[in-house]
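*Asks:*
Number of protein chains: 2
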Amino acid sequence: MTLIKKPVTGMKDILPDEMELRDYLIAIIKKTYRSYGFTPIKTPAAEHIGNLLSSQGGENEKLIFKILKRGEKLNLNNVDKELDLTDMGLRYDLTLPLARYFAANSSKLPMPFKALQIGSVFRADRPQKGRYRQFTQCDIDIIGDASEFAEIELLLAAASVLSKICPENKFFIRLNNREILKAMSEYAGFISDKLSDVFIILDKMDKIGLAGVQKELIESGCDEKSTSKYTGLLQKLSESKDISKTGDLLKKELEGFINEEVVDSFIFTSEIVNNCKSLDFDIVFDPSLVRGMGYYTGTVFEISMDGFSGSVAGGGRYDKMIGKFTGTDTPACGFSIGFERIIAILCDSGFKIPSLNEKTAFLYEKGIDRKILSDILREAEAERTDGKTVLVSSMNKNKKFQKEQLNKQGYTDFREFYREELKR
Amino acid sequence: MTLIKKPVTGMKDILPDEMELRDYLIAIIKKTYRSYGFTPIKTPAAEHIGNLLSSQGGENEKLIFKILKRGEKLNLNNVDKELDLTDMGLRYDLTLPLARYFAANSSKLPMPFKALQIGSVFRADRPQKGRYRQFTQCDIDIIGDASEFAEIELLLAAASVLSKICPENKFFIRLNNREILKAMSEYAGFISDKLSDVFIILDKMDKIGLAGVQKELIESGCDEKSTSKYTGLLQKLSESKDISKTGDLLKKELEGFINEEVVDSFIFTSEIVNNCKSLDFDIVFDPSLVRGMGYYTGTVFEISMDGFSGSVAGGGRYDKMIGKFTGTDTPACGFSIGFERIIAILCDSGFKIPSLNEKTAFLYEKGIDRKILSDILREAEAERTDGKTVLVSSMNKNKKFQKEQLNKQGYTDFREFYREELKR
Chain F
1 MTLIKKPVTG MKDILPDEME LRDYLIAIIK KTYRSYGFTP IKTPAAEHIG
51 NLLSSQGGEN EKLIFKILKR GEKLNLNNVD KELDLTDMGL RYDLTLPLAR
101 YFAANSSKLP MPFKALQIGS VFRADRPQKG RYRQFTQCDI DIIGDASEFA
151 EIELLLAAAS VLSKICPENK FFIRLNNREI LKAMSEYAGF ISDKLSDVFI
201 ILDKMDKIGL AGVQKELIES GCDEKSTSKY TGLLQKLSES KDISKTGDLL
251 KKELEGFINE EVVDSFIFTS EIVNNCKSLD FDIVFDPSLV RGMGYYTGTV
301 FEISMDGFSG SVAGGGRYDK MIGKFTGTDT PACGFSIGFE RIIAILCDSG
351 FKIPSLNEKT AFLYEKGIDR KILSDILREA EAERTDGKTV LVSSMNKNKK
401 FQKEQLNKQG YTDFREFYRE ELKR
Chain Y
1 MTLIKKPVTG MKDILPDEME LRDYLIAIIK KTYRSYGFTP IKTPAAEHIG
51 NLLSSQGGEN EKLIFKILKR GEKLNLNNVD KELDLTDMGL RYDLTLPLAR
101 YFAANSSKLP MPFKALQIGS VFRADRPQKG RYRQFTQCDI DIIGDASEFA
151 EIELLLAAAS VLSKICPENK FFIRLNNREI LKAMSEYAGF ISDKLSDVFI
201 ILDKMDKIGL AGVQKELIES GCDEKSTSKY TGLLQKLSES KDISKTGDLL
251 KKELEGFINE EVVDSFIFTS EIVNNCKSLD FDIVFDPSLV RGMGYYTGTV
301 FEISMDGFSG SVAGGGRYDK MIGKFTGTDT PACGFSIGFE RIIAILCDSG
351 FKIPSLNEKT AFLYEKGIDR KILSDILREA EAERTDGKTV LVSSMNKNKK
401 FQKEQLNKQG YTDFREFYRE ELKR
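First to last, the protein sequences are chains F and Y.
Take the first sequence: its letters are residues 1 to 424, numbered as in full-length UniProt numbering.
Take the second sequence: its letters are residues 1 to 424, numbered as in full-length UniProt numbering.
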C-alpha cells in the first residue's frame, strides 16, 4: 500500500524559502518584544475540552479539533453524543491557554506578568486560499495591570515590531473601547438584548459603510429613531479628527451613559502613544471597531497597513477571563500580530531576507581520496566557526546546472576539489 | 462554573526561565545546523491516520492521539471500532512527516535535501517524571545521498551542536549497522523469525550485561549453541578497541554473511569522523546498539555523554521509508537530538544562560505627569534601539522588594522617576 503524500486537509507543508522568512520574522519579533521586558512562555497545544467550550472563544468554539479519549475512558458501546468521546481539544487561540497558565502558575510569575507567546493554533475552518487549519499566532499580553499603561506598552511594542518587519508600509492604529460602544448603544436607545446584534452589524462598517449599517440595523428590528440617533453620532465622531476634541465630544454626547474617567483614560492612551512614537504611524479613534471575541471588556485596537485591507494586528483588554479560572478577576490586556497575514503580504511583495552571512559550497569529486575529504571537512568546519555557512557536497555530472541550483539557494562562492589534488 | 487550571494530563506549562533556556538552545542549534547547509522546514502537527499506523512508528503507534472526525464524516449511530471515528492523529515523531513532505514536495526541493526540523511531537505515554505527552524534537536529515557522506555530515554536525551546548561534558558516539546486526545473527545460526526478538534482547545490553543477554536469549527459545556463538562474537568485538582492527575482525568472522563493502563503508565513516573532529569526543563501534524503530536499514548511531545514562542523541539510515509514499526507494539518513533530555541535564546542573544584553528597569511613581511619562517611554524606546532591554513599570509601595524581584529576573540597573520631577 502506498501512503498519502499530501498533508491533511487544510494544513500546510512549509517549504524552505517560506520557513527562512518565518524564522527571520520570529527572530525580529522575539528580540523586539524581549527588549520591552516580555518573557517567552509555552502552553500545551491541547486544552481541556471544558475550558475550550466555556464561551470564551466565540465562533471559534465551533471549529475545535477534538481529541479522542483513550483506553478505558473511551467506551464505544455507549456513545450518545460527541462529547462522550473527547476530553480535550487543540487550542484555537493563545489567549485562553494563557489565562489558564496564569491561573495555574501565578505564584511563580512576576506581577505584572508580561508574556510573549508564539505558537500554532488550530481551527477547522473551511479550507480556502491563504487560510489554514493550523497557523501561527504571535501574542503579547500584560496581566495584572489595570491601568492604561498596559495598552500603551502593547501598542508601542507592536508598532515597533511592525515598523521593523515592514519598514516601507505606513500603518495606522485604530482604537475603540467596549464601554464606549455600550454607552453609544444605550445613548441611541437600543434595548440591551440587542447589544450583540448591533455590534455584529457595526463591525461591518468597513465593508458596507454607514448607510449599510443603518439599513441592516433597521432590518434586524431596531427602531428608526434610535438607529438614526446612533448613525448620527457615528457620523459626528468619524468627522472629528483631533483626538482630544473627540474626547470632549464623547463626554458631552454620552453624558449619563458613561463614566468620564473611561473617556479620559481612553484619550490619555491615544495621546501618550501619539507623543511617544518615534515611528511614522497614525493613531485614530474608530467608533465602528468592535472585534469579534466576546471576552473583551475595555479598550480594543487594531493595526491596519496602507495598501492592505483588513488588519495586520489586533487585541484588547479582557479583565474577566482569568477570574473564570481563579474566581477572582485579574486585569489583562493582549495584542496579537497577524503573523500569517504578514507572511502573505511579504511573500506577495517579493520581499527578500537580508543575507546575513556568506554561503560557500565545497564541491568534491566522487571517489576522492579519504585524506583529501578529511581535509575538506576540516576546512569547512573551520570556516563555519568563523560564522560562514559551508555546504559540502559531491559534484554532479552537470556541474554547471548544480551550481545554478545552489546559486538559487544563496550559495555565491564555490570551491572545487578533484580526485587528483592538483587539478583544482 | 470555574474552569480547570492545570494543563491536560501529561502536558506541561513552560515557565519563563525554562523557556529562556529553550530559546537559547534552539538558537544555537539552528545557527549551527544552518552553517552546514541544513534548511529549516515545517510539517503540520497532524497526519493522516493511515500514514501514522503504517508500521513505520513501532511502539509509538500505540501512543497516537487521534483526532475526532468532523461534520458529516462523524457518524455516531454506526460506531463499530475506534478507527470509524478518526481520520487523522497528532504526529509521534518528525521522521514520518518528513518522508511524506519529501514525497509531496520533492520537485521543489534541492537534491540531496538537507532538512532541519524543530517541533512538537505527541505521545500518549504513561505520565512520569521528566517524560511529557508533548515534547520538542530536533532533527536533521539528509535525503537523496546513498553514500556514507550523509552519515559523516550528520555526525559532525550533531557533535558540533552538542559541543556548543554542553562544552563541559565529554561525549562519545556509538555506531552500529543493521546489516552487521543481521549478519551477526545469521552467523550465530539464529532462525530469521527470531531476529526481532534477538534485537530487543541485545538492546538491553547496557542494563543487563552480556550474561543477562545470554540468559534472556536462551529463555526466549534460542538454542544454546547459537547463543554462545553469538555472545562469543559480541565479547570479541567489545574487546577490540581499534576501529580498523574491528573492521578486519568483522570481515573475517562474518565472511559469507555480509558484503565486505558494508564493513568497509562503516569503518570509513568512523575513521573520517574521527579524523575530522576538532572536538573532544570518542567514536566507538557498539555491537549491541540496535535502536528501537523498525525503519532503520543501515547505520545506526547514538551519542552518550559522560555522567549521564542513556543517550542524548540518536539516529540512523532509513532507505525504505520514502518509497512507501512514492513507490521508489530514496536513500535517507537522520539524526535527532534529545532536546528534552538536554534541557533536563542543563536544568539539573544549574546551567546559567550567558547574559546577552544589559537589562534596565525604569520605575515610575503612579500618577506621574503625562509629560514625564512620555519622556520616560521615549527614553526607553531609544535605549531599546541600542540593543538594551528596558522594562518600564510603575513603582510598588514596597520598592525594595520590587527591586529584589526584578533582580531575580536579571534587571541589574534601576532608574526611578517621581511625580515631582526633581525628586529622583
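C-beta: ideal position from N, C-alpha, C; glycine also.
Use the C-beta contact count for residue 426 of chain Y: other C-beta atoms within 10 angstroms, 16 or more gives buried, fewer gives exposed.
*Replies:* Outside the shown range of chain Y (1 to 424) lies residue 426 of chain Y, about which nothing can therefore be said.
*Asks:* Ends of the alpha helix (DSSP H) at Y:PHE401?
*Replies:* Looking at the DSSP string, the run of the alpha helix (DSSP H) that includes Y:PHE401 is 399-408.
*Asks:* Going by DSSP, which residues form a beta bridge with F:ILE14?
*Replies:* Answer is Y:LYS42.
*Asks:* Interface residues of chain F around Y:ALA332 at Cβ under 8 Å?
*Replies:* Residues of chain F passing the Cβ test: none, with the nearest at roughly 15 Å.
*Asks:* Name the two residues that bound the continuous beta strand (DSSP E) containing F:PHE199.
*Replies:* Element bounds for F:PHE199: not the beta strand (DSSP E) but the alpha helix (DSSP H), 195-202.
*Asks:* If you count every other CB in all the chains shown that lies within 10 Å of the CB of Y:PRO97, and 16 or more means buried, which is it?
*Replies:* Answer is buried; the Cβ neighbour count reaches 16.
*Asks:* Can the beta-carbon of Y:ASN357 be found less than 9 Å from the beta-carbon of F:SER35?
*Replies:* Their beta carbons are under 9 Å apart, which means Y:ASN357 touches F:SER35 by this criterion.
*Asks:* Listed from N- to C-terminal order along the chain, which residues in the region 323-350 of chain Y have their beta-carbon within a distance smaller than 8 Å of any beta-carbon of chain F?
*Replies:* Correct list: LYS324, PHE325, THR326 and GLY327.
*Asks:* Since I believe Y:GLU253 is in contact with Y:TYR187 (beta carbons under 8 Å), could you give me their beta-carbon distance rounded to a whole number of angstroms?
*Replies:* Indeed, because the Cβ distance is near 7 Å, the residues count as touching under 8 Å.
*Asks:* Taking the alpha-carbon positions, what's the F:GLY338 to F:LEU76 distance?
*Replies:* Going by the C-alpha atoms only, they are around 41 Å apart.
*Asks:* Quick test of your reading: Y:GLU47 and Y:GLY89, contact by CB under 8 Å. State the CB separation rounded to the nearest angstrom.
*Replies:* Yes, Y:GLU47 and Y:GLY89 are in contact; Cβ-Cβ is about 6 Å, under 8 Å.
*Asks:* Going by alpha carbons, who is nearest to Y:LEU68 out of Y:PHE301, Y:LEU83 and Y:LYS225?
*Replies:* Here the closest residue by C-alpha is Y:LEU83.
*Asks:* Note down, in chain order, every chain Y residue with its Cβ under 7 Å from the Cβ of F:PRO110.
*Replies:* Near F:PRO110 (Cβ distances below 7 Å), the residues of chain Y are GLN405 and GLN409.
*Asks:* How about the region 303-319 of chain Y and the region 150-159 of chain Y: do they share at least three Cβ pairs that are nearer than 8 Å?
*Replies:* Counting Cβ pairs under 8 Å, three or more are found: they touch.
*Asks:* Using 8 Å as the cut-off, can you tell me whether the region 353-369 of chain Y makes contact with the region 380-391 of chain Y, which would need three or more C-beta pairs spanning the two stretches below that distance?
*Replies:* Touching, per the Cβ criterion.
*Asks:* At a CB-CB cut-off below 7 Å, which residues of chain Y make contact with F:MET88?
*Replies:* Those are VAL8, listed as they occur along chain Y.
*Asks:* Check whether chain F comes within 9 Å of Y:VAL263, counting only Cβ atoms and requiring the distance to be less than that.
*Replies:* Taking Cβ atoms only, chain F never reaches closer than 9 Å to Y:VAL263, which makes this a no.
*Asks:* Is the Cβ-Cβ distance between F:SER54 and F:LYS324 less than 9 Å?
*Replies:* In this structure, F:LYS324 lies closer than 9 Å to F:SER54 by Cβ.
*Asks:* From the beta carbon of F:ILE272, is the nearest beta carbon of chain Y less than 9 Å away?
*Replies:* True, the Cβ-Cβ gap to chain Y drops below 9 Å.
*Asks:* Could you list the residues in the region 45-71 of chain F with a C-beta less than 8 Å from some C-beta on chain Y, going in chain order?
*Replies:* Those residues of the region 45-71 of chain F that come within reach of chain Y (Cβ to Cβ, closer than 8 Å) are ALA45, ALA46, GLU47, HIS48, GLY50, ASN51, SER54, PHE65, LYS66, ILE67, LEU68 and ARG70.
*Asks:* Measure the C-alpha to C-alpha separation of F:ILE342 and F:SER309 and round it to an integer number of angstroms.
*Replies:* Rounded to whole angstroms, F:ILE342 to F:SER309 spans 12 Å at the Cα level.
*Asks:* Give me the Cβ distance between F:LEU94 and F:ASP139, rounded to the nearest whole Å; I'm assuming they're in contact under 8 Å.
*Replies:* 5 Å between Cβ atoms; contact.
*Asks:* Cα-Cα, which of F:VAL121, F:ALA146 and F:ILE283 is closest to F:SER244?
*Replies:* Of the candidates F:VAL121, F:ALA146 and F:ILE283, the one whose C-alpha sits nearest the C-alpha of F:SER244 is F:ILE283.
*Asks:* Mind checking who residue 437 of chain F pairs with in its DSSP beta bridge?
*Replies:* Here chain F covers residues 1 to 424 and nothing more, so residue 437 of chain F does not appear.
*Asks:* Scan the region 209-226 of chain Y for residues whose Cβ lies nearer than 9 Å to a Cβ of chain F and list them as they occur along the chain.
*Replies:* Hits within the stretch: zero.
*Asks:* Return the residue from the list Y:ILE165, Y:ILE143 and Y:THR43 that minimises the CA-CA distance to Y:THR330.
*Replies:* The residue with the shortest Cα to Cα distance from Y:THR330 is Y:ILE143.
*Asks:* Identify which residue in F:ILE180, F:SER220 and F:ASP206 has its Cα closest to the Cα of F:VAL198.
*Replies:* The shortest C-alpha separation from F:VAL198 is found at F:SER220.
*Asks:* Three or more C-beta pairs closer than 8 Å, one from the region 295-306 of chain F and one from the region 169-177 of chain F: is that the case here?
*Replies:* The region 295-306 of chain F vs the region 169-177 of chain F: in contact.
*Asks:* Can you give me the start and stop residues for the alpha helix (DSSP H) that Y:MET205 sits inside?
*Replies:* Residues 205-219.
*Asks:* In terms of DSSP beta bridges, what is F:GLY314 paired with?
*Replies:* In the DSSP output, where bridge partners are listed per residue, F:GLY314 has F:GLU302 and F:SER336.
*Asks:* So which residues of chain Y does F:ARG126 contact, with C-beta pairs closer than 7 Å?
*Replies:* Chain Y residues near F:ARG126: none, gap ~10 Å exceeds 7 Å.
*Asks:* Leaving out the 5 sequence neighbours to the left and right, which residues in its chain are closer than 7 Å to F:LEU202 when beta-carbon positions are compared?
*Replies:* Taken in chain order, the residues that qualify are VAL213, SER288 and VAL290.
*Asks:* For F:PRO127, count neighbouring Cβ atoms within 10 angstroms of its own Cβ and tell me buried if that reaches 16, exposed if not.
*Replies:* Flag for F:PRO127 reads exposed.
*Asks:* Among the residues of its own chain, which have a CB less than 6 Å from the CB of Y:ASP413, if the five just before and after it don't count?
*Replies:* Only THR360 meet the Cβ criterion.
*Asks:* Any C-beta of chain F sitting closer than 9 Å to the C-beta of Y:GLN137?
*Replies:* No, because no Cβ of chain F sits closer than 9 Å to the Cβ of Y:GLN137.
*Asks:* Less than 9 Å between the beta carbons of F:PHE417 and F:ILE372, yes or no?
*Replies:* Yes, the Cβ-Cβ distance between F:PHE417 and F:ILE372 is below 9 Å.
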